[in-house]
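Residue numbers (the numbering used here), protein chains in the order written: chain A, 8 to 367; chain B, 53 to 652. Quick reminder that beta carbons are idealized off the backbone N, C-alpha and C, glycines included.
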Amino acid sequence: MIGLYIHVPFCKRKCPYCDFYSVEAKNDELLDAYVYRLLEEADGYKSRRVKVDSVYFGGGTPSLLSQKQIDKILNGLNKCFYIDNNAEVTAEVNPSSADYNKLLGYIGAGINRISFGIQSSSDRELNALGRLHNFKQAENAVYAAKKAGFENISADIMIALPGQTGAGVEKSVEDIINLGVQHISCYILKVEDNTPYAKMNLSLPDDDECADMYLRMCDILKSSGFDHYEISNFSKPGYESRHNLKYWRAEEYIGLGVSSHSYFDSVRYFNKRDLPAYLNGDNIRVTEDMNIDKAKEYLMLSLRLSEGISVKKYLSLGGGNDIYLKSESIGNRFLKIHNDNISLTEEGFLVSNEIISRLL
Amino acid sequence: MNRENIRNFCIIAHIDHGKSTLADRILELTSTVELREMEDQLLDDMDIERERGITIKARAVRLNYKSESGEEYVFNLIDTPGHVDFNYEVSRSLAACEGAVLVVDASQGIEAQTLANTYLAIEHDLEIVAVVNKIDLPSADPDRVCREIEDVIGIPALDAPRISAKMGTNIREVLERVISDIPCPVGDEKAPLKALIFDSVYDQYKGVIVYVRIVEGTLKVGDNIRFMATGAEFQTVEVGYMGAKNLTQVSEIKAGEVGYIAASIKDIGDTRVGDTVTNADSPCDKPLEGYKKVNPMVFSGIYPVDGAKYPDLRDALDKLHLNDASLSFEPETSIALGFGFRCGFLGLLHMEIIQERLEREYNLDLITTAPSVIYKVNMTNGETVYIDNPTNYPDPAVIQSAEEPVVNAHIYSPSDFIGNVMELCQERRGVFKDMRYLDESRADLHYVLPLNEIVYDFFDALKSRTKGYASFDYEIKGYEQSRLVKLDILLNGDIVDALSFIVHADKAYARGRRICEKLKENIPRQLFEVPIQAAIGGKIIARETIKALRKDVLAKCYGGDITRKKKLLEKQKEGKKRMRRLGSVEVPQEAFMSVLKLDE
């Protein structure tokens, strides 16, 4: 079964560090028009009778969609795909646009997992990130989600923020764990080119400080009962994000909406970052990779997971048999080799680009 | 052509003073090249020559000129390399002429190289026609420059033509002066053949084409010729004159004329610049004076970044050598860099040009080791060895004494920068000889400097400390005893042979420290901590540490954009291919290059 990703390219205001595609949500008509086009695009897959076990609303700010709009999308998708009864259906929700009634409506529409973009428990840091919420609002949002009946809640944390200290990271992580969420995604802030952050003279922690922050964060989360299952993802047992695992396990998914990416029928393609063209019904699909080197993808994606790779599977996909030799030369501080299995240590996660590019 | 109506001359000028532009105007005016064929700076036909505004190879062109009195003249314009590295070639080009047009920039005045080449021309008894160029510039001061020419060179210049080669102003006046001031060639057409080789180029169809000035005698197609220094003999297939765009075949060339010889010559080494060509069947009794074999002064190792390109590098060097007999190379092996070549050059510019041509024309990525000079080492057993590769420097225990080459250097600098220049020369172990003022605002500083101090990055340092205004010229003085040591660089505890160099004992500490710093800046962090050390013998004199890589991770995956991630990782992998693996340390090409420019 495959995953569905729905990109919602609207925000009330753009955060200065963000390079995802989103535009200002001017009015509800624009959102309605977009929902209409999403379903038109989904209709194109109808004849394929694809089975789906995860749906993910990402953004932008998907929580700008009303219960009615979410309902309409999920109903429409149900007509084009076979969505499993036990499918994981996630929506990214901005704590500032979440209230009890809306979340109750989302449950009614079929959403069963919420991912809150909380980022930090320090209002000063939230302000510097340009977020619309403070931590009190985040606490209220999580509380409201639980009250509405959500049992699978994820929170995003960002670390290595401008001016942040190790103690600041510890406090945020602990505060967010204390909200009682089942899943936490932790991202090290990366200043992307062409974002307002790139033009600011930010005082960011250096690489050594970042690494220490990351390792400290991992320790706190593990001692609170979270499994570190992917470089940036932690969960209580059984609460791994089914959707994101598809990416890391090189399984297929269909993306809908502007700037969404798909991996379907063994081809990778994406929609361009062009909302007017999308709304106009123009074909904005671009094929990027027809001849996928499956061994290479398996290696680079699965090494992000703590479960790592199976050498047998890697070889069966056409990978080179020098993988053991290369891995041994890197050393057990970064790589664990156990019979058929090769996986990264936490220190290895931190330098995973270096290691994967050596193994590729 | 009547010999009285032939003029053989060259143009002497500093870089940027307008030699090539003047040559272009002369070519236009003599209709040697149709206007539609004119390409700026026709004589400099290598890309690098045009970009750098210099002449690397000598070249010659035959021009027809109708004088203002209505008479027809033949001009042979012999272009000379303007740089000290090619001093010997310059001297041979001059020997082929009766006169020289000295071009001086009306706003800048005389520069070091100009003066050196002018003195060389005067030594060869050439008649000098001074010309002041760039009078169109707002900052032009032709009166001052004319006085400077008189004061510094000691030739009359008050009535020198004042021209603008760029605007085409007064060019005819220059040509009239060539006729009136420069004597026609002399020589006996009936005497045994004596021809001076001043240049040669390789042509893939005709073989080596030899450029000659016939001094005595006559050379005909079919004649058997002998190159007197090498003894090589050939039968002449073709003789002729050099046009700007093509060669014109004739049946014979005679004393006083400039022309070319093609004789199915395969190896340019047979045709040495300065050698005398004579008739093998009726040879002259002795060759022309002044021939010498040129020897490389500066050596460096050249290695392909990608070891698999070694054969390509060999081919490229072979091809460059076809046109440049002064380039020497032989295979060498470095533990750090693998297979490469030890190359010998006439000087620094020559080295830079060869490297640039290898990279540009042959599309090679190269690693070059620090340039070295030839050290003379007197051993305790009485033996003397010459060392051009620091790796081969003998153990200090068996060295009695060591000597290094030194040069007489002249630096022309505006007075404002004299302090900076002196400071630089002090730093480079220079010994001050004297200083004289060229005029109220410029001085000529004479220093004796060790060659190994100037092959490094002296010229760049000089330029940066004088805002680009100083010029510089040197000639080899000889060997002087010196306290030399071999400095080794260790990466992660292992000596990197390609980074070893010879240095004066007093400078070893500072140089070692600076190299460690530079390497630290240019070697990326590795998975483990890497010490960089400088050592003399077994003694560590400097150390830096590259901290271990702690963070190199792509955090988020944007809505399943796997391809972008994959591209990033592949790019990183490609980047690794461009690095050298020394032990377990990956070293980028830039790190090797960074130690060549320590003054930055």
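Nearest to residue i (by Cα), restricted to the options the options
i: Ala116 (chain A); options: A:Leu81, A:Leu139, A:Glu132, A:Glu146; result: A:Leu81
i: Ala332 (chain B); options: B:Ile64, B:Glu285, B:His373; result: B:Glu285
i: Lys619 (chain B); options: A:Asp300, A:Ile316, A:Lys320, A:Lys178; result: A:Asp300
i: Ile541 (chain B); options: B:Gly589, B:Ala164, B:Ser352; result: B:Gly589
i: Lys318 (chain B); options: B:Ala550, B:Tyr254, B:Lys570, B:Ala607; result: B:Tyr254
i: Pro190 (chain B); options: B:Leu172, B:Ser216, B:Leu210, B:Val183; result: B:Ser216
i: Arg275 (chain A); options: A:Val198, A:Asn348, A:Tyr254, A:Met8; result: A:Tyr254
i: Lys33 (chain A); options: A:Arg55, A:His14, A:Leu71, A:Arg44; result: A:Leu71
i: Leu398 (chain B); options: B:Ser119, B:Leu227, B:Val350; result: B:Val350
i: Ser54 (chain A); options: A:Glu158, A:Cys87, A:Met224; result: A:Cys87
i: Lys319 (chain A); options: A:Cys225, A:His345, A:Asp60, A:Glu335; result: A:His345
i: Tyr117 (chain B); options: B:Leu365, B:Ile584, B:Ala247, B:Ile223; result: B:Ile223
i: Glu225 (chain A); options: A:Leu209, A:Ile261, A:Arg280, A:Ile166; result: According to the sequence provided, residue 225 (chain A) is Cys. The question's Glu does not apply to it. That would be A:Ile166, whose Cα lies nearest to the Cα of Cys225 (chain A).
i: Val548 (chain B); options: B:Lys608, B:Gly295, B:Val639; result: B:Val639
i: Leu312 (chain A); options: A:Glu36, A:Glu247, A:Asp106; result: A:Glu247
Exposure label - residue i; buried when at least 16 CB within 10 Å
i: Glu179 (chain B); result: buried
i: Ala148 (chain B); result: buried
i: Glu341 (chain B); result: exposed
i: Glu532 (chain B); result: exposed
i: Gln76 (chain A); result: buried
i: Thr436 (chain B); result: exposed
i: Glu132 (chain A); result: buried
i: Pro235 (chain B); result: exposed
i: Ala422 (chain B); result: buried
i: Gly51 (chain A); result: exposed
i: Met370 (chain A); result: Nothing in the structure corresponds to residue 370 (chain A), since chain A is present only between 8 and 367.
i: Arg229 (chain B); result: buried
i: Gln144 (chain A); result: buried
i: Arg563 (chain B); result: buried
i: Ala40 (chain A); result: exposed
8 Å Cβ cutoff met for residue i and residue j
i: Thr330 (chain B); j: Met280 (chain B); result: yes
i: Asp193 (chain B); j: Ala158 (chain B); result: yes
i: Ile320 (chain B); j: Asn276 (chain B); result: no
i: Val264 (chain B); j: Ala307 (chain B); result: no
i: Pro23 (chain A); j: Pro203 (chain A); result: yes
i: Arg249 (chain A); j: Glu99 (chain A); result: no
i: Ser317 (chain A); j: Asn348 (chain A); result: yes
i: Leu476 (chain B); j: Ala513 (chain B); result: yes
i: Ile406 (chain B); j: Val325 (chain B); result: no
i: Val180 (chain A); j: Leu228 (chain A); result: yes
i: Phe233 (chain A); j: Ser239 (chain A); result: no
i: Ser230 (chain A); j: Ile191 (chain A); result: no
i: Asn119 (chain A); j: Asn85 (chain A); result: no
i: Val507 (chain B); j: Val458 (chain B); result: no
i: Asn141 (chain A); j: Asp130 (chain A); result: yes
i: Ser715 (chain B); j: Pro442 (chain B); result: Lying before the first or after the last residue shown, residue 715 (chain B) is absent from chain B, which here runs from 53 to 652.
Proximal residues of chain B, C-beta to C-beta of residue i below 9 Å
i: Met224 (chain A); result: Within 9 Å Cβ-Cβ: nothing; Met224 (chain A) doesn't reach chain B, min ~12 Å.
i: Leu357 (chain A); result: Leu601, Arg602, Lys603, Asp604, Val605
Chain B contact residues for residue i, given Cβ-Cβ distances below 8 Å
i: Arg275 (chain A); result: Ile614, Thr615
i: Ala218 (chain A); result: Arg602, Lys603
i: Ser334 (chain A); result: Those within 8 Å of Ser334 (chain A) in chain B number zero; the least Cβ separation is about 13 Å.
i: Lys304 (chain A); result: Reading off the sequence shown, one finds Glu at residue 304 (chain A), where the question assumed Lys. Under the 8 Å cutoff, chain B gives Ile614, Lys618.
Proximal residues of chain B, C-beta to C-beta of residue i below 7 Å
i: Met8 (chain A); result: The premise fails here: Met8 (chain A) is roughly 16 Å from chain B at the closest Cβ pair, so nothing lies under 7 Å.
Neighbour list for residue i in chain A, Cβ cutoff strictly below 8 Å
i: Gln624 (chain B); result: Asn360, Glu361, Ser364
i: Lys628 (chain B); result: Ser364, Arg365
i: Leu621 (chain B); result: Met307, Asn360, Ile363, Ser364, Leu367
Within chain A, the residues that residue i reaches when beta carbons sit closer than 7 Å
i: Lys572 (chain B); result: In chain order: nothing, as chain A lies at least about 15 Å away.
i: Lys371 (chain B); result: In chain order: nothing, as chain A lies at least about 36 Å away.
Cβ-based contacts, 8 Å cut-off: residues of the segment 596 to 607 of chain B near chain A = For chain A, the residues of the segment 596 to 607 of chain B that bring a beta carbon within less than 8 Å of one of its beta carbons are Lys599, Leu601, Arg602, Lys603, Asp604, Val605, Leu606, Ala607, in chain order.
Return the residues of the segment 574 to 586 of chain B that lie within a Cβ-Cβ distance of less than 9 Å from chain A, sorted by chain order.
-> Arg577, Gln578, Leu579, Phe580
Report the residues of the segment 285 to 296 of chain A with a CB closer than 7 Å to any CB of chain B, ordered along the chain.
-> Glu295, Asp296
Using a beta-carbon distance cut-off of less than 9 Å, what residues from the segment 188 to 204 of chain A approach chain B?
-> Ser192, Cys193, Tyr194, Ile195, Leu196, Lys197
Contact residues within the segment 233 to 259 of chain A, judged by C-beta distance below 7 Å to chain B | Ile238, Ser239, Tyr254
Could you list the residues in the segment 632 to 651 of chain B with a C-beta less than 9 Å from some C-beta on chain A, going in chain order?
-> Ser636
Output, in sequence order along the chain, the residues in the segment 262 to 274 of chain A whose CB is closer than 8 Å to any CB in chain B.
-> Gly262, Ser266, Ser267, His268, Ser269, Tyr270
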